[in-house]
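Colleague:
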Amino acid sequence: MTADLISQVRDQLDSSPTPRHLVEFVAARLTAAGFTDCTNDDSLENNIKNGFIERAGSIIAWRIGSEIINQFRIIGAHTDSPCLKIKPRPDETRVGWHLLQVEIYGGPLLNSWLDRDLGIAGHAVLRDGTVKLFSESTPIARISQLAIHLDREVNERGLILDKQLHLSAAWATGEKSPDFVRWAASKLQIQPEQILSFEAQLFDSAPAQILGVDQSLLASGRLDNQASCWAAISALIDSPSPKITNVVALFDHEEVGSSSATGAAGPLLEHTLERIAAAGGLSRVEYLRALNKSSCVSADNAHAVHHNYPDRHDSLHAPIINHGPALKINSNQRYATSSSSAAIFIRACEAANVGHQMFVSKNNMPCGTTIGPITATRLGIDTVDVGIPQLSMHSAREVCGIDDLISMHKALTSYFLN
Ligand code: CO
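Counting from 0, one number per residue, gives the positions in the sequence shown under numbering that gives the first Met the number 0.
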């Protein structure tokens, strides 16, 4: 059972180098589980019980409960991860190397992108308006670190990277310069002239990998936050007959602040909930009452306490790897967790028989944030921030605990069903 679930997580991670690839993967899972794609027509209004709507790198899925809609249970997570995106005119040749120019997306640990065998994935918008995804996971690019002989103090002083000069990726040598758009067109088996615009990024070509002599860990790119996306969608699929209407909202652009047409600060969730309520026959007033009674679990990976840096955590609020999901609390509202929303999630963990932990950052350490406070602010819904503990957050390759993945899946399923 656990092995099946973990191979599903690995499958998702390896198939989803970009948010759009993740949305495509999730949509295929939902379709196979009997959910209807309501993206392009009025099928939502025709009272579809199980459905989803895709919008670029975001997707919202729902299952109508057996009771009349008087509240929603919502799980939110994000589809994007910090990375290096290919610039629109990326081709450059320098001292015998053919390079791709990149733009930094979000806040990656830049050193983690050096000396890796990188693949390239993205999508192109064609002249006829269609969007085509492409992905090359055979390693074709590399950003090499300067040799220690040419940077003698790097181990003492720390690595200093100039973000404009030192991150270009090499992807060919020799007389003939490759052309990125031509390459993307060849991947899509179309003519380069058909591509009007594209978005693409580098990714670590190494697949997700179980590790530890006890096989207790999973290493991969994009665990933050595809691990939560997997647990949320699995909980929705694995709760076939809930009493209350369940919703999963997976948003792009969290790593850059969520303010976009498809981000958590946009209207996507609000509009979808209102459409679901209207299709269920609710008046505007009944819909607003339902929002008041609703709750939201914002799932985004948490910082596990690091074996070499235990002092970076408050010892009583330091999530331990494979000890269960962490509730994230910040009284300054960088996390949305309230006493009542915390109780909702703790109740779900207890019903699922999984442990939970508490994370509060040290007073002298600035605290991150999530889509939780944004959702709580936009919709006025009581929200709890929770996460699978992990190390190396925002590295090209992160690591989390296998038991924690399973526990989060169980806790979210219990939230939907109880
Ligand atoms: Co995150």
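All C-beta atoms, glycine included, are put in the ideal place defined by N, C-alpha and C.
1. Under a criterion of Cβ closer than 5 Å to any non-hydrogen atom of the ligand CO, which residues qualify, in chain order?
2. Taking contact to mean at least 3 C-beta pairs separated by less than 8 Å, is the segment 225 to 236 in contact with the segment 38 to 47?
3. Going by alpha carbons, who is nearest to Asp203 out of Asp237, Glu135, Ile345?
4. Hey, would you say Ser167 sits closer than 8 Å to Glu91, going by beta carbons?
5. Go through the segment 215 to 262 residue by residue and report every complete run of the beta strand (DSSP E) that reaches 3 residues or more, in order.
6. Considering only their Cβ atoms, is the gap separating Asn49 from Thr35 smaller than 8 Å?
7. Report yes if the C-beta distance between Leu404 and Val22 is below 8 Å; otherwise report no.
8. At a cut of 8 Å, does the segment 271 to 278 reach the segment 51 to 61 through at least three beta carbon pairs?
9. For the beta strand (DSSP E) containing Leu117, list its first residue and its last residue.
10. Asn428 by DSSP, collapsed to three states: which one?
11. Of all the options Gly121, Met392, Met407, which has the alpha carbon lying nearest to the alpha carbon of Ser111?
12. If you count every other CB in all the chains shown that lies within 10 Å of the CB of Asp381, and 16 or more means buried, which is it?
13. Around the Cβ of Gly262, are there at least 16 other Cβ atoms within 10 angstroms (buried) or fewer (exposed)?
14. Pull up the CB-CB distance for His408 and Leu249, whole angstroms please, since I reckon it's below 8 Å.
15. Leaving out five residues on either side along the sequence, give the residues of the same chain with a beta carbon under 6 Å from the beta carbon of Ala325.
16. Per DSSP, what are the beta-bridge partners of Ser294 in this structure?
17. Report yes or no: do three or more beta-carbon pairs, one from the segment 252 to 259 and one from the segment 359 to 376, lie closer than 8 Å?
18. Just grab the DSSP bridge partners of Gln200 for me.
19. Kindly indicate which three-state DSSP category Ser136 falls into: helix, strand or coil?
20. Does Val212 pass the burial test, meaning 16 or more other C-beta atoms within 10 Å, or should it be called exposed?
21. Could you pull out every residue in the same chain whose Cβ sits closer than 6 Å to the Cβ of Leu443, ignoring the five residues on either side in sequence?
22. Compute the distance between the beta-carbons of Leu216 and His305, then report whether it is under 8 Å.
23. By Cβ distance, which residues of its chain are closer than 8 Å to Gly282, with the 5 residues on each side in sequence left out?
24. What residues in its chain sit with their C-beta under 7 Å from that of Ile47, if we drop five residues either side in the sequence?
25. Applying the 10 Å Cβ sphere with the 16-neighbour rule, what's the burial state of Asn362?
26. Return the CA-CA distance between Thr368 and Asn329, expressed in angstroms with no decimal places.
27. Output needed for Val383: all residues of its chain with C-beta closer than 8 Å, excluding positions within five of it in sequence on either side, in chain order.
28. Looking at the structure shown, is Ile52 part of a helix, part of a strand, or coil, going by DSSP?
29. Would you check if there are 3 or more beta carbon pairs closer than 8 Å linking the segment 138 to 154 to the segment 100 to 119?
30. So which of Ala234, Ser360, Pro241 has the shortest CA-CA distance to Ile432?
31. Determine the DSSP secondary structure at Met357, reduced to helix, strand or coil.
32. Where does Asn291 land, buried or exposed, given buried means 16+ other C-beta within 10 angstroms?
33. With the cut-off set at 8 Å, would you say Gly354 and His316 are in Cβ contact?
34. To the nearest angstrom, report how far apart Ala350 and Phe24 are at their CA atoms.
35. Which whole-angstrom value describes the C-beta separation of Asn245 and Phe51, a residue pair presumed to lie in contact below a C-beta threshold of 8 Å?
Modeller: Concretely, from the data shown:
1. Asp223, Asn224, Asp299
2. no
3. Minimum Cα distance to Asp203 is reached at Glu135.
4. yes
5. Listed in chain order, the complete beta strand (DSSP E) runs (minimum 3 residues) inside the segment 215 to 262 are 216 to 219, 244 to 250.
6. With respect to Asn49, Thr35 sits close: the two C-beta atoms are nearer than 8 Å.
7. no
8. yes
9. 117 to 125
10. Residue coverage of the chain in this structure runs from 0 to 417, which leaves residue 428 outside it and unanswerable.
11. Met392
12. That one is buried.
13. buried
14. Wrong, their Cβ atoms sit about 15 Å apart, outside the cutoff.
15. Contacts found: Ala301, Pro318, Gln356, Phe358, Gly386, Pro388.
16. Arg72, Asp381
17. With the cut-off at 8 Å, the segment 252 to 259 and the segment 359 to 376 touch.
18. Beta-bridge pairing links Gln200 to Lys84, Ala120.
19. strand
20. Burial call: exposed.
21. For residue 443 there is no data in the structure shown, the boundaries of the chain being 0 and 417.
22. No, these two residues do not count as a Cβ contact at 8 Å.
23. Residue identity differs from the one stated: residue 282 is Ser in this sequence, not Gly. Closer than 8 Å at the Cβ level, and outside the excluded window around Ser282, lies no residue.
24. Closer than 7 Å at the Cβ level, and outside the excluded window around Ile47, lie Thr35, Cys37.
25. Per the 10 Å Cβ criterion, exposed.
26. Put simply, the backbone Cα of Thr368 is about 9 Å away from that of Asn329.
27. Ser294, Cys295, Val296, Ser297, Leu326, Ala335, Thr336, Ser337, Ser340, Ala341, Ile343, Phe344, Gly371
28. strand
29. yes
30. As displayed, the chain neither begins before 0 nor continues past 417, which places residue 432 out of reach and without an answer.
31. Three-state result, Met357: strand.
32. exposed
33. no
34. Taking the Cα positions, Ala350 is about 30 Å away from Phe24.
35. Their Cβ separation, rounded to whole angstroms, is 12 Å, which puts Asn245 and Phe51 out of contact at 8 Å.
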